[in-house]
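A short write-up of the structure that comes next.
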Amino acid sequence: MDANNNTGPWASVRAVARCGHALSPSFLPGGMPGQRSLTKRLAALVPAMMLVIVAASFRPAAAAEPEPSSPSDVSAPLEQEDAIALMELDIPVVVTAARHEQKLSHVAYAMSVITAEDIRESGARTIADALRLVPGVDVADLSYGQTAVSPRGFHGFLANKTLVLVDGRQIYDSLFGGTLWQSWPFQLEDIERIEVIRGPGGVTWGANAVNGVINIITKDPDDQIGASLSLRGGSRGAFRQRLAYGAHAGAWRYRFSAEYESSDGFREGGSLLGRLDDDYKA
3 MDANNNTGPW
13 ASVRAVARCG
23 HALSPSFLPG
33 GMPGQRSLTK
43 RLAALVPAMM
53 LVIVAASFRP
63 AAAAEPEPSS
73 PSDVSAPLEQ
83 EDAIALMELD
93 IPVVVTAARH
103 EQKLSHVAYA
113 MSVITAEDIR
123 ESGARTIADA
133 LRLVPGVDVA
143 DLSYGQTAVS
153 PRGFHGFLAN
163 KTLVLVDGRQ
173 IYDSLFGGTL
183 WQSWPFQLED
193 IERIEVIRGP
203 GGVTWGANAV
213 NGVINIITKD
223 PDDQIGASLS
233 LRGGSRGAFR
243 QRLAYGAHAG
253 AWRYRFSAEY
263 ESSDGFREGG
273 SLLGRLDDDY
283 KA
């Protein structure tokens, strides 16, 4: 402690030091009379020492030195900022897991969401191409335009163990006992998102959901007001055109869309019996 600091605790220590110094024999000439004189001095000094000690005990709290902040006190504001940042994240809202809206972070299933932006950036041309983005979903090409889609490695041409929905409605073909992907004219531009559950969903959706659930959710007509036309082309005579129109009248909203796609294929004459073109490279 600094000797120039006249704080209360240090003053009490100085008083004790002076008493110890006064007991030196060089200050006691005359033997016993000196001792009696010393006793009187000590008796007079004791009240002063008591006053100093009492004053030190009533030292104001403001004069105390501030305690250094602990690391936990410093990190607490940072943890609060991180928690606020996590709460502000744009977490997707899904409807397939429990048949009502809830955040993806609250879902108890192994679930993935493919957004319209994901589809556009991936360059997918079909629903099957878009489903290749989901981990754990196997997409097998059977022939031109025919695919088998199944989560968790259970392949099947009709996907009869995976429930496929469009806006929450089943597209299960009861005649063939499964989902015929090539018979549904999906247009990627009309899709808002695809929700995929990898695992049993029979408790929520009943039969045909043993292996998983795929829910294709289309865009709201208000998102596509007016007419739009898109054209695409590629090698081997690949051509694709799409026309869409959306409007609303009072409480009614509607949207129409049509698509045409053609290709020369990889076989001469477009027949499965023809041989592969000579310039085709696998």
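Sequential numbering of the sequence shown, starting at 3, is according to our numbering. For glycine and all other residues, C-beta sits at the position ideal for the given N, C-alpha and C.
Each residue's CA atom was taken as its position, placing A229 and A251 some 16 Å apart.
Around the C-beta of I227, fewer than 16 other C-beta atoms lie within 10 Å, and the residue is accordingly described as exposed. Judged by pairs of C-beta atoms under 8 Å, the stretch 182–195 touches the stretch 108–127, as three or more such pairs exist.
Out of S176, G214, R154, D266, the CA that lies nearest to the CA of A99 is found in G214. Under the Cβ criterion (8 Å, minimum of three pairs), the stretch 192–207 counts as touching the stretch 107–120. Within the model, the alpha-carbon separation for S232 versus A246 is close to 9 Å. Nearest neighbour of E263 by Cα position, chosen from R238, I216, D222, turns out to be R238.
The stretch 106–180 contains, as complete beta strand (DSSP E) runs of 3+ residues, the segments 113–117, 139–145, 148–153, 164–168 (chain order). The alpha-carbon of V97 is positioned some 25 Å away from that of S259. A130 is the residue among A130, G138, P153, R134 whose C-alpha sits nearest the C-alpha of S145. With contacts defined by Cβ atoms closer than 8 Å, E103 and P187 do not form a contacting pair.
Non-local beta-carbon contacts of V136 in its own chain, meaning distances under 6 Å to residues more than five positions away in sequence, involve S114, V198 in chain order.
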